[in-house]
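In this note's numbering, the protein residues as written are 68 to 482. Single-structure report; data block below.
Here is the structure:
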């Protein structure tokens, strides 16, 4: 008896596993589980012989042409080639491949719902881990940095709180805008989760996540105020629940501060330091902000070797990471790579605005999601870290399909 293997379904399964394992920072020979499952998903999709749109093929071809030409030119003029950085070619490829998979798989409504449920529980887990991490460090159960890191990290003394904060902010934004309602969560539940998640972002001690959620919160807040003023009515259950939550938190803080009954008073200094750093947006004397401008100058100097049209390629770049996606693209591929990616984003946004199956609010929220992710990557190139890239792209794509769920036939005809 011949057993038929559905490689397409296997590819969807491996993508699900990749998302499931994303919060786990533990690696095997410097390769994390989500990367292993993504590679398996690619192999299964390739084996399924599903056709790839000419647009995606063109994007992959042009990007890799620029990178390869830049690398070959660097070798020709005698620049130092670091072959261990060849992993960057994988990073460029996997970003495009994840977009392709999400676009193909999320058309299945049942699969989309399962992804959204998984996405929600991962978000809740990451929010809870922030507070658990502070407790474990304060109690001396684990030895680590005051700022949290992803679960099961090999060394908690080296914090990746900036990555953690940006990833969590992207997930919270996707949940508040689309996924929460898609999962039929009440407004009370969405608001409550948002408030707790915002507290977790503050405790992370990173400005990037707060900036992202601040943009989203301000935009949604202004929109909700307009709606409330137009209706002149506020849910009494929502008001009283939030009121008693605030009273309860104030009571716990006061009792702990004066009596220390809960044994967490020693955590105040730890949390306060992270809060102070999160809310410090004075960039004039901030070392990390100044370094980003210096790294941008280094990237421009790299592209000078390719006459600014091309870069030096990933293998000959002056730095591995530049703390900013713009600097990375300039160093790797020069002005041509920046232009190609900017053209792709503008074309996608233009097509998004033309979809008749989306109302103004959906278009605005989707544009806002894309905007805050671009802003976060201008700060630091998070998209080259699979843990962030996978959750962000899956979140944005899921929100896109959720917004189009109401008129699937019209969507398939236009997209």
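We put the CB at the ideal spot given by N, CA and C, even for glycine.
query                                                                                                                        : result
Distance between residue 456 and residue 421 (C-alpha atoms, nearest Å)                                                      : 26 angstroms
Nearest-angstrom Cα separation, counted from residue 447 out to residue 469                                                  : 28 angstroms
Exposure of residue 104, with buried meaning 16 or more beta-carbon neighbours within 10 Å                                   : buried
Rounded C-alpha distance that separates residue 192 from residue 166                                                         : 25 angstroms
Residue 357 versus 390, 385, 369 and 367, residue with shortest Cα-Cα distance                                               : 390
Beta-bridge partners of residue 98, as assigned by DSSP                                                                      : 95
Contact under 8 angstroms by Cβ, residue 440 with residue 409                                                                : no
At least three beta-carbon pairs within less than 8 angstroms, the region 230-238 to the region 269-282                      : yes
Continuous alpha helix (DSSP H) stretch holding residue 117: start and end                                                   : Premise fails: residue 117 is in no alpha helix (DSSP H) and is neither H nor E.
Burial state of residue 405, where buried means 16 or more other Cβ atoms lie within 10 Å                                    : buried
Residue 430 versus residue 244 - alpha carbon distance                                                                       : 11 angstroms
Span of the alpha helix (DSSP H) around residue 151                                                                          : Neither: residue 151 is in no alpha helix (DSSP H) and is coded neither H nor E.
Three-state secondary structure (DSSP) of residue 188                                                                        : helix
C-alpha distance - residue 472 paired with residue 433, whole-angstrom precision                                             : 14 angstroms
Start and end residues, alpha helix (DSSP H) containing residue 374                                                          : Run containing residue 374: none; DSSP gives neither H nor E here.
Which of helix, strand or coil DSSP assigns to residue 28                                                                    : With the chain covering 68 to 482 only, the question about residue 28 has no answer from this structure.
Element boundaries [alpha helix (DSSP H), containing residue 224]                                                            : Neither: residue 224 is in no alpha helix (DSSP H) and is coded neither H nor E.
Cβ separation of residue 454 and residue 230, assumed to be a contact under 8 angstroms, to the nearest whole Å              : 7 angstroms
Counted within 10 angstroms of its Cβ, other Cβ atoms place residue 383 as buried (16 or more) or exposed                    : buried
Per-residue DSSP class, three states only, for residue 81                                                                    : helix
Backbone CA spacing between residue 256 and residue 108 [nearest angstrom]                                                   : 34 angstroms
Own chain, CB closer than 8 angstroms to residue 426, minus 5 neighbours either side, in chain order                         : none
Start-to-end residues for the alpha helix (DSSP H) that takes in residue 271                                                 : 254-271
Closest residue to residue 91 among 174, 112, 387 and 189 (Cα-Cα distance)                                                   : 189
Other residues of its chain near residue 135: CB distance less than 8 angstroms, five sequence neighbours each side excluded : 380
Identity of the residue in 221, 259, 258 and 214 nearest residue 274 by Cα                                                   : 214
Best match in 128, 369, 171 and 183 for proximity to residue 147 [C-alpha to C-alpha]                                        : 369
CA nearest to the CA of residue 182, picked from 81, 403, 112 and 401                                                        : 81
Distance CB(residue 209)-CB(residue 223) smaller than 8 angstroms                                                            : yes
Sequence-distant residues of its chain with Cβ nearer than 8 angstroms to residue 163 (five each side left out)              : 123, 126, 127 and 130
Supposed contact pair residue 169 and residue 428 - C-beta distance, whole angstroms, cut 8 angstroms                        : With 8 angstroms as the limit, residue 428 and residue 169 do not qualify as a contact, their Cβ atoms being about 22 angstroms apart.
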